[in-house]
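Trainee:
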Amino acid sequence: MVYSMVNLKKGFTLIELLVAISIIAILTVVSVAGYMTAQKRGRDVKRKGDARSIQQALEQCYTLDGQYPAAVTPGSALTCGTSQTVINLVPYDPKNSGTYTYTGKYSVAANRLSYCLCFLLEKTGSGNAAVLGSGGSCTYLNGATSNYQCVNSLQ
């Protein structure tokens, strides 16, 4: 009885399977890393947008009262001294349900005529401030980058 070698091969070799699994693993790692970076950028964009919204509300308070509020608390309404609410709900940090990454780093001057609102970005080197503000003033960087993003009073 003569057997033909052509009909005996029915499947993949171990080497072929290992190569295929390795290629799939590499593609998975690359796509997950890209996805994580995109998520960080998206949360940072939301943080910056939230900061602009809070900044606009604080400026409304200044227009109404002639001074800025003493505190900004995520998760609660931002109400000016005249009892007028300018934001129904100060936004939480987009990464978690706790306080914002700036952890309430709203610094207002003693006379409440200036403020600095800072928060920490996830993407390193994409911020505009050297340190978190204090005493109602921000310390900005000229040409350099950091992890902090700050906005200050416009008055």
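Residues in the sequence shown are numbered consecutively from 23, following our numbering.
Cβ atoms here follow ideal geometry from the backbone N, Cα and C, with glycine treated the same way.
1. Spatial neighbours of Asp66 within its chain, please: CB distance less than 7 Å, with the 5 preceding and 5 following residues excluded, ordered by chain position.
2. Count the other CB atoms within 10 Å of the CB of Val51; is the residue buried (16 or more) or exposed (fewer)?
3. Give the DSSP bridge partners of Ala151, in chain order.
4. So is Ser168 buried or exposed if we call it buried at 16+ other beta carbons inside 10 Å?
5. Does the distance from the C-beta atom of Cys200 to that of Cys83 stay below 9 Å?
6. Phe141 bridges to which residues according to DSSP?
7. Below 8 Å on the Cβ atoms is my contact criterion, and I expect Thr107 with Thr101 to pass it. Report the Cβ-Cβ distance as a whole number of Å.
8. Note the first and the last residue of the continuous beta strand (DSSP E) segment covering Val130.
9. If I follow the unbroken beta strand (DSSP E) through Val51, where does it start and stop?
10. Please report how far the alpha carbon of Thr125 lies from the alpha carbon of Leu135, in whole angstroms.
11. Which class does Thr104 belong to by DSSP, given the choice of helix, strand or coil?
12. Against chain B, does Ile46 count as a neighbour if the rule is that its beta carbon must be under 9 Å from one of theirs?
13. Sorted by chain position, which residues of the same chain lie with C-beta nearer than 7 Å to Leu163's C-beta, five sequence neighbours on each side aside?
14. Please report how far the alpha carbon of Ala42 lies from the alpha carbon of Thr35, in whole angstroms.
Mentor: Taking the structure as given:
1. Leu143, Glu144, Lys145, Ser148
2. exposed
3. Residue pairing by DSSP puts Ala151 in a beta bridge opposite Tyr162, Tyr170.
4. buried
5. Within the shown structure, residues of the chain are numbered from 23 to 177, placing residue 200 beyond reach of any answer.
6. Gln171
7. 5 Å
8. 128-130
9. Run containing Val51: none in the beta strand (DSSP E); it sits in the alpha helix (DSSP H), 36-87.
10. Since pLDDT at Thr125 reaches only 39, below the 50 mark, its modelled position is unreliable, and the value read off the structure follows with that caveat. Rounded to the nearest angstrom, the gap between the Cα atoms of Thr125 and Leu135 is 22 Å.
11. DSSP places Thr104 in coil when its eight states are reduced to three.
12. In the displayed structure, chain B is absent; only one protein chain is listed.
13. Once the five neighbours on either side are set aside, the close Cβ partners of Leu163 are Asn150, Ala151, Ala152.
14. 11 Å
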